[in-house]
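Worksheet: one structure, shown below.
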């Protein structure tokens with residue numbers, strides 16, 4: 001009895017899951033912070049040679065600790081359920097112990113994702129990418145258990161659909177023209193680093209490697225990023241397929257491509273003045289703070305590099321869906337894509353790019369014609385998609401109202417809102433090319449470091465026939 005006053009095993013059992021789970025989370029976050037140091041812009045060039053041996057020692061020591069803490073959380077939670085069930089029900093804490101056991105066990109679900117990457121780093125298997133690029137992948141996965149309550153990108157849900165889109169679809173048209181203009185301005189054969197910002201499921205790398213893969217130097221670093229983890233996973237799936245391509249040049253480029261989850265507004269893992277070619281197709285105009293995105297592109301671009309991007313000046317399908325939804329619901333529905341007016345005119349884009357440091361801006365207009373043979377079938381399929389813009393319009397509609405919207409769209413034969421045009425998708429694609437100089441001063445002598453940039457603004461024109 002006296003010994004129990006000093007040490008109560010039931011009290012120890014009650015707090016054990018809390019202590020062990022707290023230690024696990026702290027160890028996880030500390031580990032993540034420490035490992036990111038290897039992939040900082042300053043250390044990254046040297047880390048590829050260090051990581052294999054470091055990880056071999058690090059993982060051998062760290063694995064027993066993590067497994068031990070997870071096991072302690074799981075089994076002490078089970079122990080509480082078995083020996084303290086009535087007490088847990090009485091104080092309404094049972095669900096927390098069940099949740100603790102479930103979350104501890106769920107860590108095993110990440111083993112199939114983590115194990116191949118750990119092995120690739122330890123064995124220095126460059127067919128999977130450089131150790132630093134594989135570590136980037138591992139760190140992104142490593143965040144998921146600790147950040148399970150974070151909001152995921154709306155684009156994650158639509159990544160699978162985008163990945164299935166034909167590579168020669170409407171999204172490819174601005175990419176193709178942009179690549180041609182970039183290569184004319186600064187040939188890919190001179191590239192030191194090529195960065196695709198907002199890569200989606202890998203459309204731009206596919207087109208780039210297919211046409212210019214043979215010209216890209218073996219020494220060039222290839223990077224593709226997207227803020228949506230789902231999109232990056234879709235791009236990784238495409239990478240696995242394309243690495244088996246009969247086009248050996250394209251396959252080689254895919255094998256070297258580093259894929260990373262990164263916000264266009266914060267390219268923190270890309271060193272300043274380190275990229276010869278920065279591109280972003282249909283990205284910058286949608287950013288919450290596009291000025292930050294342009295500033296980051298400017299920061300990472302080398303003094304003699306090229307920046308290129310495209311954007312829609314007007315998204316035609318959105319007007320049709322909004323118009324149909326308003327007619328069905330008899331309510332005012334705003335278009336979700338209210339991006340800045342500066343992207344809707346050549347003059348606006350020119351001013352924005354100049355404010356970001358770009359000079360001698362030139363714009364080019366490219367018209368895109370997208371022919372859809374069966375309008376009814378297309379609309380039916382599209383209205384069931386998880387496109388973020390679409391879901392924002394119809395999120396409060398019933399299934400019956402969504403069906404009525406589809407019928408209204410088809411029956412209108414695509415008449416442009418507030419116009420008498422008969423095209424089913426009327427939008428345009430402005431392809432803007434930019435030439436610019438980055439200004440600076442050295443003592444009292446002003447100088448300009450020349451950079452050329454292409455920019456695609458957009459006026460899409462989708463014609464459904």
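Numbering (my numbering), first residue to last: 1 to 465. For each residue, glycine too, the CB sits at the ideal point set by N, CA and C. Here the structure is a predicted model, which means the values were calculated and not measured.
So what does residue 221 bridge to, in DSSP terms?
Assignment of beta-bridge partners to residue 221 by DSSP yields 193.
- Item | For residue 517, the nearest candidate out of 258, 393, 101 (CA to CA) | Outside the modelled stretch of the chain, which goes from 1 to 465, sits residue 517, for which no answer is possible.
Exercise. Could you pull out every residue in the same chain whose Cβ sits closer than 7 Å to the Cβ of residue 257, ignoring the five residues on either side in sequence?
Key: 205, 222, 224, 239
| message | Using CA atoms only, rank isn't needed, just tell me which of 381, 23, 61 is closest to residue 71. | response | 23
Notebook entry, point to check: Between which two residues does the alpha helix (DSSP H) harbouring residue 407 extend?
Noted result: 399 to 411
Compare the C-alpha of residue 289 against each of 401, 83, 356 and name the closest.
356
**Asked** Measuring CB to CB, does residue 272 end up less than 8 Å from residue 299?
**Response** Contact flag set, yes.
- Quick one: what's got a C-beta closer than 6 Å to residue 188's C-beta in the same chain, skipping five residues either side? 212, 215, 216
Residue environment, residue 89, which counts as buried when at least 16 other CB atoms sit within 10 Å = With fewer than 16 Cβ atoms within 10 Å of its Cβ, residue 89 is classed as exposed.
- Task: Could you say which of 50, 116, 398, 65 lies nearest to residue 329 if we only look at CA atoms?
- Result: 398
Reference residue 78, options 87, 98, 92, closest by Cα: 98
Residue environment, residue 17, which counts as buried when at least 16 other CB atoms sit within 10 Å: buried
Review point. Whole-angstrom Cβ separation of residue 297 and residue 197, contact assumed at under 8 Å?
Key: 7 Å
Give me the DSSP bridge partner(s) of residue 261. 226
Can at least three beta-carbon pairs, one atom from the segment 280 to 287 and one from the segment 244 to 251, be found at a separation below 8 Å? no
Looking at residue 135 and residue 38, is the spacing between their C-beta atoms short of 8 Å?
Yes; because the gap between Cβ atoms is below 8 Å, this pair is in contact.
Legend entry - Buried versus exposed, by CB contacts within 10 Å (16 or more), residue 20: buried
Could you check if residue 305 is buried or exposed, using at least 16 other CB atoms within 10 Å of its CB as the buried criterion? The Cβ neighbour count for residue 305, taken over all protein chains shown within 10 Å, is at least 16; the residue is labelled buried.
Residue 85, enclosing alpha helix (DSSP H) - first and last residue: 85 to 90
- request: Determine the contact status of residue 470 and residue 310, defining contact as a CB-CB distance below 8 Å.
  value: There is no way to answer for residue 470, as the model of the chain reaches only from 1 to 465.
* What's the call for residue 34, buried or exposed, on a 16-neighbour Cβ count within 10 Å? -> exposed
* To do: Return helix, strand or coil for residue 366, following the three-state DSSP convention.
  => Residue 366 falls in the strand class under three-state DSSP.
In terms of alpha-carbon separation, which member of 408, 85, 303 lies closest to residue 10?
-> 85
Supposed close pair residue 74, residue 105 - CB separation, criterion 8 Å:
6 Å
(request) Quick one: using the 10 Å Cβ neighbour count with 16 as the cut-off for buried, is residue 218 buried or exposed? (result) Label assigned to residue 218: exposed.
Item to check | Own chain, CB closer than 7 Å to residue 56, minus 5 neighbours either side, in chain order | outcome: Result list for residue 56: 122, in chain order.
Can you give me the start and stop residues for the alpha helix (DSSP H) that residue 254 sits inside? 248 to 256
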